[in-house]
Amino acid sequence: MSAKKTMTLNLTDQEMEVLEELAQKKDISKTAIIRQALRLYQLIDVRISEGEKLYFEDSKKKEKSALMLL
Amino acid sequence: MSDRSNVYLKDLATGLPVEAVLIDGVSIRQVELAEVSWKPHIHAAQKQLVHDKVPQELWPQHLHWDWRRKHKKTARLLACRWLGIECDQLMQGLTLLDTATTGRIPEQSGKPLAYVHYVATAPWNSPELTNSPKYGWIGRVFIAAAVSSGYQILKVRSSYEVQHIKKMASKS
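So the sequence lines, in the order shown, correspond to chains A and B. Going by our numbering, the letters in the first sequence line up with residues 521 to 590, in that order. Going by our numbering, the letters in the second sequence line up with residues 372 to 543, in that order.
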């Protein structure tokens, strides 16, 4: 992979707790979680910018709700 | 930005390993050069398939892939990684990995994996297109590269797999 740069990330206690939970649940590092989040965020942002929509579907209720990105 | 590392391919004429370069972060220029070198062989293969009256649904899927278009559409996405293998100053294979997906089988659920969207060898390496393919190990180098990056391959959609499934289906 390309050369990496280091940055300090300021998180609230709650944000850090969520990050640690996700890292533990998925058995990967906190850095890997942040990287994955960035990859996903960019992918979704680009596709929504191109006019596509992202839906969550409740298979029991047969309901769909579109995800909106800020 | 791209990284280059040394890998080995198998020279299928001699059976000996030969040095090659794995490129992680293939540029649009490299994709264009690959297409320029691949196209005459692909056109010749298409002509032969037409001559042999092979139905189009049995043609190798990658014959019609537009690598330039795929690259332009995905190159700036962090989730997409373009890998290529160079040997003899020619691109011997290309693959596009999607690293934004996660595992679905219970023991890997939610863990990151590299999904192989597209993978193809140069036409002169493809046993589907020539009776004397030049280099082997293209696919295994790509898979090893993805795995060594810390991802787990769960599903591969390659022209080989598609053709293999079709052949199996036609036999059953």
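Virtual Cβ for every residue (Gly too), placed ideally from N, Cα, C.
Residue-chain proximity (residue i, chain A), Cβ-Cβ < 7 Å
i: residue 529 of chain B; result: Note that residue 529 of chain B has pLDDT 45, beneath the 50 cutoff, so the model's placement of it is unreliable and the number below is only indicative. Cβ-Cβ to chain A under 7 Å: no for residue 529 of chain B.
i: residue 515 of chain B; result: no
i: residue 448 of chain B; result: yes
i: residue 532 of chain B; result: Bear in mind that a pLDDT of 41 at residue 532 of chain B, under 50, signals an unreliable position, so the number given afterwards is only what the model happens to contain. No, residue 532 of chain B does not count as interfacial toward chain A.
i: residue 483 of chain B; result: yes
i: residue 471 of chain B; result: yes
For residue j and residue i, believed in contact at Cβ under 8 Å, the rounded distance
i: residue 454 of chain B; j: residue 516 of chain B; result: 6 Å
i: residue 497 of chain B; j: residue 431 of chain B; result: 7 Å
i: residue 495 of chain B; j: residue 412 of chain B; result: 6 Å
i: residue 508 of chain B; j: residue 404 of chain B; result: With a Cβ gap of about 22 Å, residue 508 of chain B and residue 404 of chain B do not count as contacting.
i: residue 456 of chain B; j: residue 378 of chain B; result: 7 Å
i: residue 506 of chain B; j: residue 374 of chain B; result: Between residue 374 of chain B and residue 506 of chain B the Cβ distance is about 21 Å, and since that is not below 8 Å, they are no contact.
Beta-carbon proximity of residue i to residue j, cut-off 7 Å
i: residue 513 of chain B; j: residue 466 of chain B; result: yes
i: residue 420 of chain B; j: residue 563 of chain A; result: no
i: residue 468 of chain B; j: residue 452 of chain B; result: yes
i: residue 550 of chain A; j: residue 539 of chain A; result: yes
i: residue 463 of chain B; j: residue 493 of chain B; result: yes
i: residue 473 of chain B; j: residue 486 of chain B; result: no
i: residue 461 of chain B; j: residue 408 of chain B; result: yes
i: residue 500 of chain B; j: residue 416 of chain B; result: yes
Short CB-CB distance (under 7 Å) between residue i and chain B
i: residue 567 of chain A; result: no
i: residue 560 of chain A; result: yes
i: residue 556 of chain A; result: yes
i: residue 574 of chain A; result: no
i: residue 539 of chain A; result: no
i: residue 546 of chain A; result: yes
i: residue 587 of chain A; result: no
i: residue 563 of chain A; result: yes
i: residue 529 of chain A; result: no
Proximity test, residue i beta-carbon vs the ligand MN heavy atom, cut-off 6 Å
i: residue 566 of chain A; result: Here there are no bound small molecules, and the ligand MN is not part of this structure.
* State whether the stretch 386–398 of chain B contacts the stretch 469–483 of chain B, with contact taken as three or more CB pairs (one from each stretch) at a distance under 8 Å. => No, the stretch 386–398 of chain B is not in contact with the stretch 469–483 of chain B.
* For the stretch 438–447 of chain B against the stretch 383–391 of chain B, are there 3 or more C-beta pairs whose distance is under 8 Å? -> no
* Could you tell me whether the stretch 567–577 of chain A touches the stretch 546–559 of chain A, where touching means 3 or more Cβ pairs closer than 8 Å? => no
* **3 or more residues per run - each beta strand (DSSP E) lying fully within the stretch 522–578 of chain A** => 574–578
* What alpha helix (DSSP H) runs, 4 residues minimum, are completely inside the stretch 416–453 of chain B? -> 438–445
* Complete beta strand (DSSP E) runs within the stretch 381–409 of chain B (minimum length 3 residues, chain order) -> 388–395
* Let me know the alpha helix (DSSP H) ranges lying completely inside the stretch 465–501 of chain B, each 4 residues or longer, listed in chain order. => none
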